[in-house]
Amino acid sequence: MSGGESLRESAVFNLGGAITMIVDDSPFSLTLTSNALTGFGIRPAFACGTGTQAKKLLTDKPIDLLVVDTDMPDIDGFELVRWLRRSGPNPNAFTPVIMTASHIRRGRVAEARDCGANFVVTKPFSPAMLLERILWVARGSRPFLEVGDYLGPDRRFRHSGYEGVERRVDMIRKAKGMESLAL
Amino acid sequence: MTVITHNQRKSRLSEMLDRPGGVSVGVALAQARANLDALQDQARAIIADNIAVLLAKPEPGLIEPMRLDLAYSASSQIIDAASPFAMDDLCTAAKGLCDLLDAAPRQGGFDWRIATVHAQAMKVLLSLPPEEQAARSAILTNLHEVLRKKLPSSDQSAT
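From first to last, the protein sequence lines are chains Y and E.
Residue 1400 is where the first sequence starts when you use my numbering, and the numbers rise one by one after that.
Residue 229 is where the second sequence starts when you use my numbering, and the numbers rise one by one after that.
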């Protein structure tokens, strides 16, 4: 999916009741994101200028969708999402997160991949692309995985078969279960 | 490596998506576009302000890492403001400058004329009418050439 071209114009969705939080240190970017979401029928409930403010609200209030900027001076987006994913039993730990970035520094690409966000969208992006991502995460059924330091949605988008020797314990167990059923 | 799969409840977002009512994608996008268009003049002013920051003489005593961060922040804010208004050429120019500033040595040695060239190019891009596509392409080609010479190919995102 790219550029929002896979959206069908006549498709109807209802996210009017979504409790949404936007986090961005730039007041203008907050307004831009908020105006786009309002156009989609999503009224942002919380607009936070700092990660600290967002963290506090995320502990207290249920949030259905989090749109967060990567680059912020106090707690940046990566740190905020990493904290959120590990904040269980907080119900927001599994909240869909879309991160927006104007530019990601070379040294932070791995953090972007590993923080646990559902999507990292780099600018420039159109309202169509933002809506496409929101609908995608809303419909998303990617399981949450904990692998080493990573906790977040499954990062694998390709599910084509693996040709090599199966070493994943759960898959081996599953295969053995299928074999015993066949017997 | 151990993989733990967490049983995840269906998100509230997914539960409410198909409820009666709502809005069509076409209407949603038109509304969002109209809401954003109202901010275009403000966006252009922010872009102009940040170009001015890039062109300004540095404060005396401003150390190199802070100067790099200041310029990086100005360039990022140009991307933020230009992004929703299809000013893709400005975004490309600003992204190239972000790449260069990010790769610059923190202890000094960055050729600041590169930032000036990018800022002047962005100033022209902002002032050019949309139909001047050839001029826009020529500016971006020149900036890309600077990027190609100054950055290893693996670091180039603004292509």
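Where a beta carbon is used, it is the ideal one built from N, C-alpha and C, also for glycine.
Quick caveat: nothing in here was measured; it's all calculated off a predicted structure.
Contact annotation: in the stretch 248-261 of chain E, residues whose CB is within less than 9 Å of a CB in chain Y are P248, G249, G250, V251, S252, V253, G254, V255, A256, L257, A258, Q259, A260, R261. The three-state reading of DSSP puts Y/I1503 in coil, since its state is none of H, G, I, E or B.
Counting C-beta atoms within 10 angstroms of its own C-beta, Y/M1420 has 16 or more neighbours from the protein chains shown and is therefore classed as buried.
When DSSP states are grouped into helix, strand and coil, E/D269 belongs to the helix group. Distance between Y/S1540 and E/K238, taken at the CA atoms: about 8 Å. Interface flag for Y/F1427 against chain E is set, since a Cβ pair is found closer than 8 Å.
Going by DSSP, Y/G1476 is part of no beta strand (DSSP E) but of the alpha helix (DSSP H) stretching over 1476-1484.
Take E/A280, set aside five residues on each side of it, and no residue of its chain has a beta-carbon closer than 8 Å to its own. For Y/M1420, the enclosing beta strand (DSSP E) stretches over residues 1419-1422. In this structure, E/M244 and Y/A1417 form a Cβ contact; the two beta carbons are roughly 6 Å apart against a cut-off of 8 Å.
At a Cβ-Cβ threshold of 8 Å, E/R364 and E/D297 do not count as neighbours. Spatial neighbours of E/S304 in its own chain (CB-CB distance under 7 Å, excluding positions within 5 residues in sequence) are listed in chain order as C326.
Residue-level contact by beta carbon holds for Y/T1430 and chain E, with a gap shorter than 8 Å. Neighbours of Y/G1476 across chain E, judged by C-beta separation under 9 Å, do not exist; the nearest C-beta is about 13 Å away. Counting of Cβ neighbours within 10 angstroms places Y/K1455 among the exposed residues, the total staying below 16.
Residue Y/T1430 holds the alpha-carbon nearest to the alpha-carbon of Y/P1443 among Y/T1449, Y/G1450, Y/T1430. Within chain Y, no C-beta atom comes nearer than 9 Å to that of E/R272; the closest sits roughly 12 Å away. The three-state reading of DSSP puts Y/T1449 in coil, since its state is none of H, G, I, E or B. The straight-line gap separating the alpha-carbon atoms of Y/T1521 and E/P248 is approximately 33 Å.
The three-state reading of DSSP puts Y/G1515 in coil, since its state is none of H, G, I, E or B. Bounds of any beta strand (DSSP E) do not take in E/T320; it lies within the alpha helix (DSSP H) bounded by 316-331. Rounded to the nearest angstrom, the Cβ distance from E/A256 to Y/L1529 is 10 Å, too far for a contact under 8 Å.
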